[in-house]
Every structure is written in C-alpha cells, then in structure tokens.
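Let me begin by presenting the structure, written as structure tokens, before commenting on it.
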Amino acid sequence: MVTESAAPGANPGRRRIPREALAGLALVAAPLALLVLLVLLPTLSMVAGTFHVETESGSHIGLDRYGDFFGDAYSVENLRYTVVWTLLSAVTAVVLALGLALYLRFSDGRIPTMVHALSLFPLFVPGIIISYALARFLGPNGLFQLLLAQVGITGYTTPYLTPIGPYIAFVWENLPLPVLVISAGLAQVSDHSIEAARDLGARSGRILFEVVLPQITRSLIIAFSLVFIFVIGSFTVPTLLGPPAPEMMGVFIQRTLGNLMRPDVAKVQATILLAVASVVGVLYLVTMTRGGPERP
Amino acid sequence: MITRRNFMIATAVTPALMATASFAQDTRTLQVFIAGDTNISNWWNDIVKPAFEAAHPGLSFNVTITRGIGDGNNTIAQRAMAALLSGTDPQVDYFEELEPASTEGSIEAGLWTEMTPANVPNLALINPAAIQTPVRLPYRGSQVLIAYDSARVATPPKTFADIVAWAKANPGRFTYGRPDKGGSGRNFVVRAIHEANGLDPAAFTADNFEPAKAEAMLQKAWTILRDLHPYTFGEGSYPAGNTPALQLLAQGAVDMIPAWSDQALQGMNQGVLPETVRVVQLQDLALCGGFAYSAIPTNATDHAGALTLANFMLSPETQISVVRSIGGFPGIGWEHLPAELKAEYLDVIPLSIPTFPSGDWQTAMNDGWYKNVATNLVRD
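For the protein sequence lines, the chains are A and B, in the order given. Just so you know, the first sequence maps onto residues 29 to 324 in the numbering used here. Just so you know, the second sequence maps onto residues -8 to 371 in the numbering used here.
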C-alpha cells in the first residue's frame, strides 16, 4: 500500500533530503512560524505564568493557584461538568455519524446522496443560529411541544437551560465532521472482505463488529478527538442553551476574564482545560502518526 | 426693454441670488457618532433626522455607527483628543452617548463643551433625576421595570416582597436573567441587595468597597435570592440575557420578569410581546436605571450646529419621541411633556432612579451570585 512505502525508514539508502521535501518544508514554514509566534509562545508564557505566585511577602514558584482551583468546589464542579458532557456529546456524535456513514457506504441511489448532503448541512450553520433556533424549537411552548401536544403527548419538559440543551446542539452541529472522517475510513474497507465474511455465513452484526469496525478504529478515534476538542472549548452554545450553573469551562473562563477581570485566575482555568484537551490531542496525534493499514 | 437702471439692479442682484441659492444647497452636515443598540441608531436615522432637518433648514447630520468596533465611541473620542492636541479637524461634532472621563486627560484639556441653558436653552427643562455635569447632556433614560402578563397576574407587585410572594404562590412562573449577561437581571439582583440592606442605594459607592464588609452585606441578599431560587423558572434555569428573558415571557413560559423599560415598551408597541403584557415599577424602591449622556467636543467641526442639535434633542417634541418611539424616559422633566403622556406612563415613572456602582461591587455581586445562588451544589 502507499502508506507502507512512504513510512519513515522505508528507504534506508536515503542520505540527503530530496528537493521536493525542501520545497514542502518551505511551504509549511510560514504557517508554522505564525503558529509558533502567535499561538505556541503566548500559550507557553501563559502556562509558565500560572506557576508564578505573588504573595505579600514576595513571589515564588509553586502550585498554589492550582490548589485554589481544586480547593474550590464550584470550579471543580464546572470542570467535572465540562468533561462529562463533552465526552457524552462526542461519543453520541460519533455513534450517530457511524450509523450515517454505514448507511451511505452500503447504499446507492438518490436518497443516500440527499442524506449525505443533509448530514453536512450543520457545517454551514453558526452556533449562535442553532442556539436561538433550538431555544425556539425545543423551548417552553415551542414548536416541538406544540407538535407533541397535537398527538396527545403532554408533560413535555424542555431541555432549554438544562445540560440536555447544549448536548443536543453539540451533537447536531458536530455531526458533519465525523460523518466525513468515518466515510473516508469506510471507503477503504474492501467489498471483498465483507463478501467473504458473508459467504462464510456471518450475520450483519458480526460483519460490523468483526470485519468493518476493526478496520476503521483509527477513523473512529480521530472523529471522536475532533468532536471532543471542538466541544470542550465551546462558548456560545452552552451560554445560550445551558444552565447558569454549572458552567462549561469556556463560559467560566470568559466570565472570569471579561466580567470578573481576573486574568490570573482565568489563566489557571485555561491551563487546566488545555491539559484535559491535550490528553485527547495526544490520542489524536498518536493515532495519526501510528503506521497502519488504514488512513482516513 | 432693459433700462440702464434695471440692468444695474439685475447685475447686482444675480450674484447675490446665486450666492443665496448656493447657500441653500450647501447644507451643513453634522457628524454624529452612535455606539448604542440598533433601536437607537435606527431611531436617529428614521425619526430624529427628518424632524431635525425640517426644524432647522440648512442643517442635517450623518450617523456613523461605532457599535462593536474597537472601543466604540471612546475610540472616536481619543481621535478628537489627538486632533485637539495637534490642532487638526476631529471630523466629529456630536457623540450620542459617551462618558467623557473615559478618555484620559480630556476633561482637563478642555476637550468637552460645557453645556448650560445659555448655549443649550432647553437644559432649563432638565429632569432633576438626571445627574447633570456640565460636559454631559442627559437626553434619554431607561430603567429596569417588572414586566408581567396581566391575564395571569391579578395584582401587579408594588414591592420586592410582593414579587417573592407571587413567585412562591406560582412556582416556575417568574425568572430573571443572569446578572453578568444583561442589565435586567443584574438590576434585579441589585434590588435584592438593596432589599437586604435597608433599601439604601447610598450604602454602595464606587469607593467604599471592602471585601469583608461587602461579603456580609451581599450574603444577606444571597439568602433572599436562594430562598426564591426553587420557585423560579426551571428551578433556577436563569436565562442568559435581556432578550432570552423577554423571549420566555413572549412564549408564555413565565408570567413575570424584570426587563429594561425601552426593550419592554418597544416589544409591546411592536406586538412582539403578548397584548396582555404590562409593566410596573416597584414603589418602595425602584429598580436601577440610568441616562444616556451626549457630549460635544469643543473642537467640533461645526460647533454651533452641534449645540443646535443638542438643544433640538432636549426639545419637548423630540423628548415625546424618546418615550413613544424607543420606550425611553425623557431627559427633561415630565411636567414639560403633555399631561396625557404622563398619565399613560404613570405606573412606570420612578420617584427616583437608583444606581449601583460598577467595578468591585459589581464583580463581587456577579461572582457571589454564581457561587451562592445559581449553583445547586450543597454549600456549607
């Protein structure tokens, strides 16, 4: 396969970097320099600053400010809430996207094309629009409740301003990317392997779990990581659709910085959020760089 | 036949006529900068402008919206300050809303025109509730009111205790916005702080904040609001701003909310809110509010024109429009406006317009509210 021959060390006789590689490096140099100067360096200086503790008797290096964060039940609750609902949203989005991608992979015709186009639609809708739309649709006395009442279902409790509100919006707006990633992975699953399994008498469930899924684990992990990273730092959707407390970390950091004007505290919160996101970021990087038969 | 005499008159008059004609065409256009919401800039363009042009032929203005760009009007004020120092044209005549003190050193440098009844005659009519400093022209006000659905609220609340009693009798039908997301919710929380501290807004000033004392004073308000918490919409699902709170009222999800006077009155006039929605002001101590202050730089390109505009903004004619078109409070006293207008708004006219300091007090209030009222964590 292509990936095998391009893997590092595949050509032990190579000594000089070929010209094409230099041209490639030149192309990435400008964006890389921007990334280092405008993102990486400020981030590092921010993280370093959080260990610098100012007291009345002087300043020292320590974890005091992290102690303050983890000693405050309200802050810890916000962190716990953020991680739990981000995980739930990412897993749900990937599961739904897998279903959509499987349907698209194994069916032909005009309807799947339309479903495919529809599944990408959320990509073009900004978060603030979906927030207001869902508030009106799912909100109290909204369209959804009226429709339910038409068929005799009463006792609807709105998810608006509860954790379920942003959860629905997260899944909705983060569906397109995993559909694309998983579809790309599924495209590499050969029809032959599925036909072979079927010839041997395997049922659909067994084909899915023992033939298809093992071949697309990387796509699934990458899709999960992307959604996780998008959701954990979100601001608009949890502000408008979520409960006032607990707060998602993005909302909490913004409020600490913009409203309470405590940049020192906000930096600690941001560093902790960065640490959580890095775990998934590392997972993503490892998955991307690890050699394997399938590359989405 | 052209006589010599007529010819002489004709040649003498024609240039004069031409000069007059060109003068009439040469309208002086003032540069007005507005950082306020869309309702304000639209009102200036659609209603104030034609009225001003009709009242003052030869004068007009051009509105530049600075809302959301840089630091809004403050950026333009800094430009005017720089122009003052370098003796150049600031290209601005009128700031619709501005805090002159925000531009450092500008008051001391004499950047702002001192306005008195001598140069703005209508200042003699000013509303005594509007805090007037010479360089700030209060011309419209708004205040937080209680908006309620009269079909469901039999007796409108007159005191804070009335609101709490009604909310407890009607669980889930009252709510207010998060204090950091909009003034309507914030000033309701402020009102709870006033309630808990002897209804005395004077106890809170910009320079009397002490953490320990503040903690004790605010804690009493948290007790009141925490007591109300389980009876609010969704047992503490406070909406994220002025508009989301009004939306809950419009959708019939709640029956009573605190709301900005201008947003509520405009919503009622436009039919966005149900016809049965009414507004009322608390009578023992009103909810907070404030005025929008205009300012004119001394180096304005057309300084005389700007003062004419200032006087026009305070004329009873424009002030009626402040009430009717944008739901604001007049900058001049109600006694200078038609009696029937006052009668119509009797329920919402405040006896006083309390304020609450920004800065430390507000920060402590917002943070304290999240940690003590909004959260469902068990506290010790």
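Every residue gets a Cβ at the ideal spot worked out from N, C-alpha and C, and that includes glycine. These figures come from a predicted structure and were not determined experimentally.
Between residue 301 of chain A and chain B, is the shortest Cβ-Cβ distance under 9 Å, so that the two count as touching? What you label residue 301 of chain A is simply residue 273 of the first sequence in a count that begins at 1. Residue-level contact check: residue 301 of chain A does not touch chain B, since none of the beta carbons of chain B fall below 9 Å from its beta carbon.
Can you find a CB in chain A that lies within less than 9 Å of the CB of residue 384 of chain B? Here chain B comprises residues numbered -8 to 371, so residue 384 of chain B is not present and cannot be evaluated.
Reduced DSSP category for residue 21 of chain B - H, G, I as helix; E, B as strand; rest coil: Along the second sequence, read from residue 1 onward, the residue named residue 21 of chain B stands at position 30. Note: residue 21 of chain B maps to strand in three-state DSSP.
Is there a Cβ of chain B sitting closer than 9 Å to that of residue 105 of chain A, yes or no? By one-based count along the first sequence, residue 105 of chain A stands at place 77. Closer than 9 Å: yes.
Residue 54 of chain B in three-state terms, based on DSSP: Here residue 54 of chain B refers to the residue found at position 63 when the second sequence is read from its first residue. Correct three-state label for residue 54 of chain B: strand.
If contact means a Cβ-Cβ distance below 7 Å, which residues of the region 280 to 313 of chain A contact chain B? If the cut-off is 7 Å between Cβ atoms, the region 280 to 313 of chain A has 283, 287, 288 and 289 near chain B.
Measure the Cβ-Cβ separation of residue 196 of chain B and residue 48 of chain B and say whether it is below 9 Å. Locating residue 196 of chain B in the second sequence gives position 205, where the first residue counts as 1. Locating residue 48 of chain B in the second sequence gives position 57, where the first residue counts as 1. Contact: no.
Host beta strand (DSSP E) of residue 282 of chain B (start-end): On the second sequence, position 291 is the one that residue 282 of chain B refers to. It spans 280 to 285 - the beta strand (DSSP E) in which residue 282 of chain B sits, taken as one unbroken run.
Would DSSP call residue 85 of chain B helix, strand or coil? Indexing the second sequence from 1 puts residue 85 of chain B at position 94. Strand, per DSSP.
Among all the DSSP beta bridges, which residues are the ones paired with residue 269 of chain B? Indexing the second sequence from 1 puts residue 269 of chain B at position 278. Residue 269 of chain B has B:139 as its beta-bridge partners, per DSSP.
Secondary structure at residue 80 of chain A, three-state DSSP: helix, strand or coil? On the first sequence, position 52 is the one that residue 80 of chain A refers to. DSSP places residue 80 of chain A in strand when its eight states are reduced to three.
Output yes if chain B places a C-beta closer than 9 Å to the C-beta of residue 238 of chain A; else output no. Within the first sequence, residue 238 of chain A is the residue found at index 210, counting from 1. Look at residue 238 of chain A: its C-beta is not under 9 Å from any C-beta on chain B.
Status (buried if at least 16 other CB within 10 Å, exposed otherwise) for residue 249 of chain B: Mapped onto the second sequence, residue 249 of chain B falls at position 258. Buried, since its Cβ has 16 or more Cβ neighbours within 10 Å.
For the beta strand (DSSP E) that residue 250 of chain B lies in, which residues bound it at each end? Here residue 250 of chain B refers to the residue found at position 259 of the second sequence. 247 to 251 is the extent of the beta strand (DSSP E) around residue 250 of chain B.
Cα separation between residue 178 of chain B and residue 212 of chain B? Within the second sequence, residue 178 of chain B is the residue found at index 187, counting from 1. Within the second sequence, residue 212 of chain B is the residue found at index 221, counting from 1. Rounded to the nearest angstrom, the two C-alpha atoms are 13 Å apart.
Chain-ordered chain A contacts of residue 368 of chain B [CB-CB under 9 Å]: Looking up residue 368 of chain B in the second sequence gives position 377. Around residue 368 of chain B, the beta-carbon contacts reaching into chain A at under 9 Å are 101, 102, 105, 273 and 274.
State the beta-bridge partners of residue 134 of chain B as determined by DSSP. For this step, residue 134 of chain B is matched to residue 143 along the second sequence. According to DSSP, which records beta bridges pairwise, residue 134 of chain B is partnered with B:280.
Going by DSSP, what residues sit across from residue 47 of chain B in a beta bridge? For the purposes of this step, residue 47 of chain B is taken as residue 56 along the second sequence, with counting starting at 1. Per DSSP, none; premise fails for residue 47 of chain B.
Neighbourhood of residue 315 of chain A by C-beta, 7 Å cutoff - its chain only, sequence neighbours within 5 removed: Residue mapping note: residue 315 of chain A aligns to position 287 of the first sequence, counting from 1. These residues qualify, in order along the chain: 246, 249 and 250.
How long is the line joining the alpha carbons of residue 139 of chain B and residue 23 of chain B, rounded to whole angstroms? As a first step, residue 139 of chain B is located in the second sequence; it is residue number 148 there, counting from the start. As a first step, residue 23 of chain B is located in the second sequence; it is residue number 32 there, counting from the start. Rounded to the nearest whole angstrom, the CA to CA distance from residue 139 of chain B to residue 23 of chain B is 37 Å.
Residues bridged to residue 221 of chain B (per DSSP): In the second sequence, residue 221 of chain B corresponds to position 230, counting from 1. Partner(s): none; residue 221 of chain B has no beta bridge.
By the 8 Å beta-carbon criterion, what residues does the region 14 to 29 of chain B contribute toward chain A? Those residues of the region 14 to 29 of chain B placed with their C-beta closer than 8 Å to a C-beta in chain A do not exist.
Between which two residues does the beta strand (DSSP E) carrying residue 87 of chain A extend? Position 59 of the first sequence holds residue 87 of chain A. Its beta strand (DSSP E) spans residues 86 to 89.
Answer yes or no: do residue 333 of chain A and residue 265 of chain A have a C-beta to C-beta separation smaller than 9 Å? This structure cannot settle anything about residue 333 of chain A, because the visible part of chain A is limited to 29 through 324.
Going by C-alpha to C-alpha distance, which of B:186, B:246 and B:88 sits closest to residue 304 of chain B? The residue labelled residue 304 of chain B in the question sits at position 313 within the second sequence. Comparing alpha-carbon positions, the option among B:186, B:246 and B:88 lying closest to residue 304 of chain B turns out to be B:88.
Looking at the C-beta of residue 12 of chain B, does it have a partner C-beta in chain A at a distance below 9 Å? Within the second sequence, numbered from 1, the residue matching residue 12 of chain B stands at position 21. Any reading at residue 12 of chain B needs caution, since the residue's pLDDT is 43, under 50, leaving its predicted position unreliable; the model's value is listed next. With 9 Å as the cut-off, residue 12 of chain B does not count as an interface residue toward chain A.
For residue 263 of chain A versus residue 278 of chain A, is the C-beta distance shorter than 9 Å? Residue 263 of chain A sits at position 235 when you count from the first residue of the first sequence. Residue 278 of chain A sits at position 250 when you count from the first residue of the first sequence. Against a cut-off of 9 Å, the Cβ pair of residue 278 of chain A and residue 263 of chain A comes out as a contact.
Does the beta carbon of residue 60 of chain A sit closer than 9 Å to a beta carbon anywhere in chain B? For the purposes of this step, residue 60 of chain A is taken as residue 32 along the first sequence, with counting starting at 1. With 9 Å as the cut-off, residue 60 of chain A does not count as an interface residue toward chain B.
Reference residue 166 of chain B, options B:237, B:110, B:135 and B:101, closest by Cα: Numbered from its first residue, the second sequence carries residue 166 of chain B at position 175. Looking at the Cα atoms, B:237 is the closest of the given residues.
If we count Cβ pairs, one from each stretch, closer than 8 Å, do we get three or more for the region 224 to 244 of chain B versus the region 166 to 176 of chain B? Using a C-beta cut-off of 8 Å, the region 224 to 244 of chain B makes contact with the region 166 to 176 of chain B, since at least three inter-stretch Cβ pairs fall below that distance.
Between the Cα of residue 160 of chain B and those of B:45, B:84, B:365 and B:247, spot the shortest distance and give me the residue it belongs to. Within the second sequence, residue 160 of chain B is the residue found at index 169, counting from 1. Among B:45, B:84, B:365 and B:247, the Cα nearest to that of residue 160 of chain B belongs to B:247.
Are the region 323 to 330 of chain B and the region 142 to 158 of chain B touching by the rule of at least three beta carbon pairs closer than 8 Å? Not touching, per the Cβ criterion.
Taking one C-beta from the region 181 to 200 of chain B and one from the region 252 to 268 of chain B each time, how about it: are there three or more such pairs within less than 8 Å? The answer is no - the region 252 to 268 of chain B does not touch the region 181 to 200 of chain B, with fewer than three Cβ pairs under 8 Å.
Alpha-carbon spacing of residue 220 of chain B relative to residue 157 of chain B, whole angstroms: The residue given as residue 220 of chain B occupies position 229 in the second sequence. The residue given as residue 157 of chain B occupies position 166 in the second sequence. CA-CA distance, residue 220 of chain B to residue 157 of chain B, rounds to 13 Å.
Helix or strand or just coil, what does DSSP make of residue 154 of chain A? The sequence position of residue 154 of chain A within the first sequence is 126, counting from 1. Assignment of residue 154 of chain A by DSSP, reduced to helix, strand and coil, places it in the coil class.
Pull the bridge partners of residue 117 of chain B from the DSSP assignment, please. If you number the second sequence from 1, residue 117 of chain B lands on position 126. Residue 117 of chain B is bridged to B:323.
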